[in-house]
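Read top to bottom, the protein sequences are chains U and D.
Going by the working numbering, the first residue of the first sequence is number 1, and it counts up by one from there.
Going by the working numbering, the first residue of the second sequence is number 1001, and it counts up by one from there.
Where a beta carbon is used, it is the ideal one built from N, C-alpha and C, also for glycine.
Quick caveat: nothing in here was measured; it's all calculated off a predicted structure.
Reading through the structure tokens given below for one structure.
There are 2 protein chains.
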Amino acid sequence: MIIIGEKINATRKSIAAALEARDTGRIIKTAVEQVEAGADYLDVNGGDPRAGREVQNMVWLMEIVQSNTDVPVAVDSADPEAVRTGLSMAKGKCVLNSISLESHRLEPMLPMVAEHECMVIALLMSDEGTPCGVDDRLKRTEALIDKLTAAGKTPDEIIVDPCFLPISADPASGRGVIDAIAGIHRRWPDVHVGGGCSNISFGLPKRKYVNFALLTQAIYHGMDVGIIDPCMPGILAAIYAAEAVAGKDEFCMNYVTAERKGRLP
Amino acid sequence: MIIIGEKINATRKSIAAALEARDTGRIIKTAVEQVEAGADYLDVNGGDPRAGREVQNMVWLMEIVQSNTDVPVAVDSADPEAVRTGLSMAKGKCVLNSISLESHRLEPMLPMVAEHECMVIALLMSDEGTPCGVDDRLKRTEALIDKLTAAGKTPDEIIVDPCFLPISADPASGRGVIDAIAGIHRRWPDVHVGGGCSNISFGLPKRKYVNFALLTQAIYHGMDVGIIDPCMPGILAAIYAAEAVAGKDEFCMNYVTAERKGRLP
């Protein structure tokens, strides 16, 4: 699985405080600890409602993260100007997190996707809102893949985020998204599928168990990108074990290597 | 999921020692702690190679377990005489663990299955050995279901154990057994599927992660009986979370109740 470390995100209180105080040390620590835990990419989100501030935050975060780690970033914003700034600063092949069918994202960001060599997360949101069930997700996936390939992306540069919705609100949400992942993986085997799935457990106690269960079942069906906190105890163990059982880890080499690296607590 | 507590088994050193010393307290403790943790049935295995000894062990264990708990037992033996003894002593509707296509089990035990009101675990072993892949498992399931229904069992009295084989020896073992579970569940929706799955992780480090992953993925595909150690920290949390995500726990009631009962560590 491709692990995108999610922790440098202004929706987290400690990161919002670090952004406000321009606390470089906190950002370095949060970047380095995720890479040491196993992150392949680092998500960078400096969201801020104040005019112009998110672009400034993106510049500040990108400089710190990229000068203190060697993994590429995932430029994470809903603000096209912040995305443009992030993409222009990115070293190596970064991820754009994310484009969607929402016109306020699609129209300004599609040209950027075409210009930059980057992977792109295609979130299945549209102007009609969140997707519902399997068929709607497959239709939206097709629409986004069509637009992204027309913009020059290859299938393996596209990561479809199927929209993980809380099972506490609708018990069918879990099977809906997992069966959609299976359908997307079957129809577009070279396209990646995944994203941030912790929303699945919103409103439930001891959310990590629900998140681990979702990851484990979704991996069986083709999920291969996770936007997660790789420092959370047990999460990488759950992922490696899920891949081993699902036959996605030849001779369990990744699982055994993770044990040797001390990543199975 | 129907939880069969696996701990009273002579292959465990502490139970073998308790059997040898006729240590009643140890057996009571092992029975009660499993029921408190959430076991629906208690497996009772007093295996011993010495002539006549296993039958004596079964009598001793059955008396202790049944007079100190209120859940039914799973009479667990490969020795037809020990099975006959266990079934004759069982209060309530017990489980026979297990019959198979192996002639040394099938021939003596099938008449017992017909005589006693019990559920029965149908292990997919035959005189040719372990099953291989999905089709072989479906064929063996059909053969066993035919024999058991002819002996008077209803589909929901049958628990098919698909044979969980180590992924360390064959990386295809995990998908093989999970896809077989899906196939059995689809074709015989009233038949239960499951069993003891910890063999899946044989030869690997930190086996619990692999066992949890197998349980989580197999539950998605229809596994609804687990022969497990319900006292193992996190195992019931993994099971309840897996059922909630897989849409098998309406409004997450079991998951939330488990939290209230302190079963999510």
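Rounded to the nearest whole angstrom, the CA to CA distance from U/Thr257 to D/Ser1201 is 15 Å. Taken through DSSP and simplified to helix, strand or coil, U/Cys252 comes out as helix. The Cβ-Cβ distance between D/Gly1038 and D/Pro1230 falls below 9 Å. DSSP places U/Met119 in the uninterrupted beta strand (DSSP E) bounded by 118-123. U/Tyr41 and U/Val75 have their C-alpha atoms roughly 10 Å apart. Among the residues of chain D, those whose CB is under 8 Å from the CB of U/Glu250 are Pro1171, following chain order. Closest option to D/Leu1204, judged by alpha-carbon separation, among U/Leu124, U/Met119, U/Val120, U/Val245: U/Val245. DSSP places U/Ser77 outside any alpha helix (DSSP H), giving it a letter other than H or E. Within the model, the alpha-carbon separation for U/Ala169 versus D/Phe1251 is close to 8 Å. In the DSSP assignment, no residue is bridged to U/Tyr209.
D/Met1253 counts as exposed, since fewer than 16 other C-beta atoms from the protein chains shown sit within 10 angstroms of its C-beta. The beta-bridge partner set that DSSP reports for U/His104 is empty. Within chain D, the residues whose beta carbon sits less than 7 Å from that of U/Thr216 are Ala1213, Thr1216, Gln1217, listed in sequence order. With a threshold of 9 Å between beta carbons, D/Arg1137 makes no contact with chain U. The residues Ser198, Ser201, in chain order, have a CB closer than 8 Å to that of U/Arg207 in the same chain once the five nearest residues on each side in sequence are set aside. Apart from sequence neighbours up to five positions away, the residues of its chain that approach U/Ala18 with a beta-carbon distance below 6 Å are Arg26, Ile27, ordered along the chain. Only residues of its own chain outside the window of five on either side were considered, and among them Tyr240, Ala241, Ala244, Asp249 have a CB closer than 7 Å to the CB of U/Tyr255, listed in chain order.
Between U/Ile167 and U/Gly222, the CB-CB gap reaches or exceeds 9 Å. DSSP places D/Ile1004 in the uninterrupted beta strand (DSSP E) bounded by 1002-1005. In this structure D/Gly1092 is exposed. Its beta-carbon is surrounded by fewer than 16 other beta-carbon atoms within 10 angstroms. Per DSSP, the unbroken beta strand (DSSP E) holding U/Ile159 starts and ends at 158-161. In this structure D/Ile1004 is in contact with D/Val1225, their Cβ atoms being roughly 7 Å apart against a cut-off of 8 Å.
By the neighbour-count criterion, in which 16 or more other beta carbons inside 10 Å mark a residue as buried, U/Ala172 falls on the exposed side. Under the three-pair Cβ rule at 8 Å, the segment 1097-1106 of chain D does not count as touching the segment 1056-1064 of chain D. When secondary structure is reduced to three states using DSSP, D/Val1177 falls in the helix class.
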